[in-house]
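Engineer:
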Amino acid sequence: MCFSATASFVASGVLAATGVVALSQVRKKRDLMLALIPLIFALQQLIEGVLWMNVGTGNLWEAFSKQGFLFFALFWWPAFVPWVCFAIEREKFRRKIMVWLFVIGVIIGTFLYVRALTLPANVEILNACLNYKLELFWPYVFSGGYLLVVFASFIASSEKLLRVFGVTLMISAVLAWGVFRSVFISVWCFFSAVLSVIICVYLIKKKKKYGFIKTKV
Numbered sequence: 079m080c081f082s083a084t085a086s087f088v089a090s091g092v093l094a095a096t097g098v099v100a101l102s103q104v105r106k107k108r109d110l111m112l113a114l115i116p117l118i119f120a121l122q123q124l125i126e127g128v129l130w131m132n133v134g135t136g137n138l139w140e141a142f143s144k145q146g147f148l149f150f151a152l153f154w155w156p157a158f159v160p161w162v163c164f165a166i167e168r169e170k171f172r173r174k175i176m177v178w179l180f181v182i183g184v185i186i187g188t189f190l191y192v193r194a195l196t197l198p199a200n201v202e203i204l205n206a207c208l209n210y211k212l213e214l215f216w217p218y219v220f221s222g223g224y225l226l227v228v229f230a231s232f233i234a235s236s237e238k239l240l241r242v243f244g245v246t247l248m249i250s251a252v253l254a255w256g257v258f259r260s261v262f263i264s265v266w267c268f269f270s271a272v273l274s275v276i277i278c279v280y281l282i283k284k285k286k287k288y289g290f291i292k293t294k295v
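Per this note's numbering, residue 79 is the first one in the sequence shown, and the count goes up by one each step.
1) Can you give the Cα-Cα distance for Glu167 and Gly136, rounded to whole angstroms?
2) Note down the Cα distance separating Leu19 from Arg105, rounded to an integer number of angstroms.
3) In terms of residues, what are the limits of the beta strand (DSSP E) holding Val201?
4) So Pro116 and Thr96 are in contact, right, with Cβ under 8 angstroms, and what is the actual spacing, rounded?
5) In the DSSP assignment, find the beta strand (DSSP E) that holds Lys211 and state where it starts and stops.
6) Round the Cβ separation of Ser159 and Val228 to the nearest angstrom and send it over; I've been treating them as touching at under 8 angstroms.
7) With a 10 Å radius around its C-beta and 16 neighbouring C-beta atoms as the bar for buried, classify Asn209 as buried or exposed.
8) Measuring only the C-alpha atoms, how far is Tyr280 from Thr196?
9) In angstroms with no decimal places, state the Cα-to-Cα distance between Leu148 and Tyr191.
10) Among Phe119, Gly134, Gly127, whose alpha-carbon lies nearest the alpha-carbon of Trp155?
11) Below 8 angstroms on the Cβ atoms is my guess for Gly244 versus Phe232; work out the distance and round it to an integer in Å.
12) Can you give, in chain order, each stretch of the alpha helix (DSSP H) that sits fully within the region 148–188 and has at least 4 residues?
13) Nearest to Ala234 by alpha carbon, out of Ser86, Ala113, Val88, Phe164?
14) For the alpha helix (DSSP H) containing Ile226, name the first residue and the last one.
See below:
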């Protein structure tokens, strides 16, 4: 989280609890990966909390936590999100769209994270936030592609609440870019983590719809 180590740890705890609730609502196997999203965000926030405690020290904790956070921020989400949406989707045409988004997400995520490894990102505290400084060529192309993959994966879904989630992610990205541009990565990851509560709501509604009997698909 962008504000402090304490805030990151608190956010991690809240997200972990949300993730446990989300998992308890799963009644179809294809919803399992979706339910894991709040828990993965909890882990990411925990890692950033560790980074907050070690930023500027140059020790191994700083190095590992920085690369751990960037692994999720740069590679994991653009690859994982379209795959999750593909697993949930039942309409053939929409699934084809998500396959292409997954391929694009893997390519973009791999490029961004390899770039962060080969040209190590610097982290500094800027305006009470963590600022991840990455050296990229065509930054707007890759950043735009990243955001498009994440937004489009949810918006292309046939599930209304997931489309709502995609739209709220888009709005949060615009807000983060407009107000916190210099620390966009940290702030938008926090916004996205908070918004992942919508996923829990979606699974609760779905459980009520299908009842308490677990199904295979």
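Backbone N, C-alpha and C define an ideal beta-carbon position, used for all residues, glycine too.
Structural biologist: According to the structure data:
1) Their Cα atoms are separated by approximately 45 angstroms.
2) Because residue 19 is not part of the residues shown, which for the chain are 79 to 295, the question remains open.
3) First-last of the beta strand (DSSP E) with Val201: 200–204.
4) 4 angstroms
5) 207–211
6) The identity of residue 159 in the sequence shown is Val, whereas the question assumes Ser. Yes, they are in contact, since the Cβ atoms of Val159 and Val228 sit about 5 angstroms apart, within 8 angstroms.
7) buried
8) 39 angstroms
9) 7 angstroms
10) Phe119
11) 3 angstroms
12) 155–166
13) Phe164
14) In the sequence as presented, Ile is not what sits at residue 226; that position holds Leu. For Leu226, the enclosing alpha helix (DSSP H) begins and ends at 217–233.
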